[in-house]
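For the numbering used here, count along the sequence shown from 1 and bump the result up by 4. Report on one structure; see the data block that follows.
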Amino acid sequence: MEETWRISSMQKDLLEQHLKAVIRDFVEGLYAFDEAAFNRIADVNSWSAAQIGSHINKSMQFIHQVVTDKTSQAHRNPAAHIDVLKAMMENMHTKAKSAAELLPSPDFLTRTSMRNEVTGATQLLAGDIRTLELSSICDTMNFPTVGFLSRYELISFAVFHIERHTRQLAATYAALQAKNTYMEG
5 MEETWRISSM QKDLLEQHLK AVIRDFVEGL YAFDEAAFNR IADVNSWSAA
55 QIGSHINKSM QFIHQVVTDK TSQAHRNPAA HIDVLKAMME NMHTKAKSAA
105 ELLPSPDFLT RTSMRNEVTG ATQLLAGDIR TLELSSICDT MNFPTVGFLS
155 RYELISFAVF HIERHTRQLA ATYAALQAKN TYMEG
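Next up, the structure:
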């Protein structure tokens, strides 16, 4: 007899709370920058706060598309890859190349427009958490080095990814501050 795997309502509630908390921290990080510094790049190979926000927005939109696309029943623990995904995002020495469609917009962006976009994408993922069967495996995306992820794992990855880029925002802020670029706060 095959075991049935399910993500509990408590796990779903905790994931939604975690998503909302990391987005709150991320938006606060965006608002640490004044409008003049928001689109300023600190170093040659880095992104501005606006670009980091654009990347996070595109990533969350992409994850929403994947989790609402074709899925199949889980034949494994749908939380099995959580620790690996979290460790990948916590290691700031490892940098993965973003897919072209997830690269930040080169356009000038305002903090308000970015907050609104990120908030909208967050609402999509929060709705996915509340309404979808999170134990299902997403069939349309084979995650590098890990394989096909459950909806729960993929949305958890989004949370870890946002945490990573919140740390990147803080580093960008510090680098601009060291260059005497005016910052609010």
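From the three backbone atoms N, C-alpha and C, an ideal C-beta is built for every residue, glycine too. Keep in mind the model is a prediction, meaning the values are calculated, not measured.
Cβ neighbour criterion (16 or more within 10 Å) applied to residue i
i: A54; result: buried
i: M5; result: Residue confidence is low: M5 scores 46 on pLDDT, short of 50, so the model does not pin down where it sits. Its coordinate-derived value is still stated next. Exposed, because fewer than 16 other Cβ atoms sit within 10 Å of the Cβ of M5.
i: E20; result: buried
i: S12; result: exposed
i: V48; result: exposed
i: H165; result: buried
Assigned secondary structure, residue i (DSSP; H/G/I helix, E/B strand, else coil)
i: F30; result: helix
i: T116; result: helix
i: S139; result: coil
i: T75; result: strand
i: M96; result: coil
i: F37; result: coil
i: V48; result: coil
i: F86; result: According to the sequence as given, residue 86 is Ile; it is not Phe. Here I86 sits in helix by DSSP.
Beta bridge counterpart(s) of residue i as assigned by DSSP
i: G151; result: F147
C-beta neighbour in chain D for residue i, strict 8 Å
i: S50; result: Protein chain content of the structure displayed is limited to a single chain, and chain D is not contained in it.
Spatially closest choice to residue i from the options, by CA coordinates
i: P108; options: C142, H85, S50 and M145; result: S50
i: T170; options: T144, N61, G131 and I133; result: N61
i: F42; options: K183, A182, A103 and T176; result: T176
i: E121; options: K74, H59 and D87; result: H59
i: G57; options: R168, A130 and R80; result: R168
i: A178; options: Q21, V163, I45 and H22; result: I45
i: K74; options: D143, A162, K183 and T149; result: D143
Contact set for residue i: own chain, Cβ-Cβ below 8 Å, skip 5 residues either direction
i: Q190; result: Residue coverage of the chain in this structure runs from 5 to 189, which leaves residue 190 outside it and unanswerable.
i: T123; result: I27 and V31
i: L128; result: M64, Q65 and H68
i: L136; result: V71, T72 and R155
i: K24; result: T126 and A130
Close beta carbons around residue i, own chain, < 7 Å, minus the five adjacent residues each side
i: H85; result: V150, L153 and E157
i: L180; result: A41, R44, A46 and M187
i: F112; result: N43
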